[in-house]
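**Student:** One structure coming up, written as structure tokens, with questions to follow.
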Amino acid sequence: MIINADDYLVLCKDLNSFMSFYGSTSNVIEMNSWPALNNDGDIIKLRDNFENAVDSFRYDYTFGGNYSWGRGEEPGMTERRGRSIETGGTPGSMNEIYYQAISSNISVTAEPNPFSPSKDGQMTIAFEVPPGDYMTIKIYDTKGRVVRTLVEDVPAFEGEVMWDGRSDGGRDLAVGMYILFLEVADAEQYKQTVVIAP
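Under this note's numbering, the sequence shown is numbered contiguously, ending at residue 199.
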């Protein structure tokens, strides 16, 4: 299953119980098996299809029952978490703690995505940015390390750059998810997940 950007997915143990409590909502999957979680505290990890850990959350019994917990989604807020105001949560829709993203004048397309360096050759990253400032385009791995700098501190322009799936040192990068990061004048930022396929 593919979850698009800004979409939601609910995993539940019992679909009928979930629907009777929360009502109908889209993208609900009843799990064939459900791991037991400790009531006094545990950790939940989200992994991609390459088994890379992309997110995790540790909860504790002191958090109280039936609250939604979430992370900010816009630049500068991704490490900030918060609890919902009301109990019950908002499965399948925006959390009450969701921080509204700041509007951006940056427009980016990265194609093909996913891309296979051995088959597609290169990914084309086309962009439109506000003129007059300096811009940077980098590729990060899922651990937050810069693996490729495509453009660094050059006057902003509209155009495109190519990425061949290699690191700054010319090494073929592993199959998996990466983060395309574009920044203009240390102010406006754009992030997008890009994937190297086999």
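Yeah, the Cβ is synthetic: ideal placement off N, Cα and C, and Gly gets one too.
Nearest by alpha-carbon distance to Lys46: which of Ile180, Ser57, Gly177 is it?
**Tutor:** Lys46 has its Cα closest to that of Ser57, out of Ile180, Ser57, Gly177.
**Student:** Quick one: is Arg172 buried, meaning 16 or more other Cβ sit within 10 Å of its Cβ, or exposed?
**Tutor:** Looking at its Cβ environment, which holds fewer than 16 other Cβ atoms inside 10 Å, Arg172 is exposed.
**Student:** Buried or exposed: where does Val195 fall if 16 or more other Cβ atoms within 10 Å of its Cβ makes it buried?
**Tutor:** When all chains shown are included, Val195 counts as buried.
**Student:** In or out: Phe116 buried (at least 16 other Cβ within 10 Å) or exposed?
**Tutor:** When all chains shown are included, Phe116 counts as buried.
**Student:** Do you know how far the Cα of Tyr179 is from the Cα of Val152?
**Tutor:** The alpha-carbon atoms of Val152 and Tyr179 are separated by roughly 17 Å.
**Student:** Restricting to Cα atoms, I'd like to know which of Gln193, Ser108, Leu12, Ala198 is closest to Asn5.
**Tutor:** Among Gln193, Ser108, Leu12, Ala198, the Cα nearest to that of Asn5 belongs to Gln193.
**Student:** Using the C-alpha atoms, what's the distance from Pro199 back to Asp49?
**Tutor:** Taking the straight line from one Cα to the other gives about 15 Å.
**Student:** Expressed to the nearest angstrom, what Euclidean distance is found between the alpha-carbon atoms of Glu16 and Asn40?
**Tutor:** What sits at residue 16 in the sequence shown is Leu, not Glu. Straight-line Cα distance between these residues: approximately 21 Å.
**Student:** As a quick exercise: from Glu112, Thr143, Ile126, pick the residue whose alpha carbon is nearest that of Phe51.
**Tutor:** Ranking the options by Cα distance to Phe51, first place goes to Thr143.
**Student:** Beta-carbon separation of Val109 and Leu12 under 7 Å?
**Tutor:** It is not a contact, given that the beta carbons lie outside the stated cut-off.
**Student:** DSSP has Phe182 in a bridge; who is on the other side?
**Tutor:** Note: Phe182 sits in a beta bridge opposite Lys139, Lys192.
**Student:** What three-state label does DSSP hand Ser57 in the structure shown?
**Tutor:** Here Ser57 sits in strand by DSSP.
**Student:** Going by CA-CA distance only, name the one from Val185, Met163, Trp164 that's closest to Pro156.
**Tutor:** Residue Val185 is the option with its Cα nearest to Pro156.
**Student:** Out of Ile44, Phe22, Tyr9, Gly42, which one is the CA nearest neighbour of Ile30?
**Tutor:** Nearest C-alpha to Ile30: Tyr9.
**Student:** From the DSSP secondary-structure annotation, give me the bridge partner or partners of Arg167.
**Tutor:** The partner list for Arg167 (beta bridge, DSSP) reads Asp173.
**Student:** Would the beta-carbon of Ile197 fall within 7 Å of that of Leu174?
**Tutor:** Yes, they are a contact pair.
**Student:** Rank Asn28, Met32, Tyr141, Pro118 by C-alpha distance to the C-alpha of Gly166 and give the top, closest one.
**Tutor:** Measuring from the Cα of Gly166, the nearest candidate turns out to be Pro118.
**Student:** Could you check what DSSP says for Met124 in three-state terms: helix, strand or coil?
**Tutor:** Met124 falls in the strand class under three-state DSSP.
**Student:** Just mark Pro36 as buried or exposed, buried being the case when its beta carbon has 16 or more other beta carbons within 10 Å.
**Tutor:** Result: exposed.
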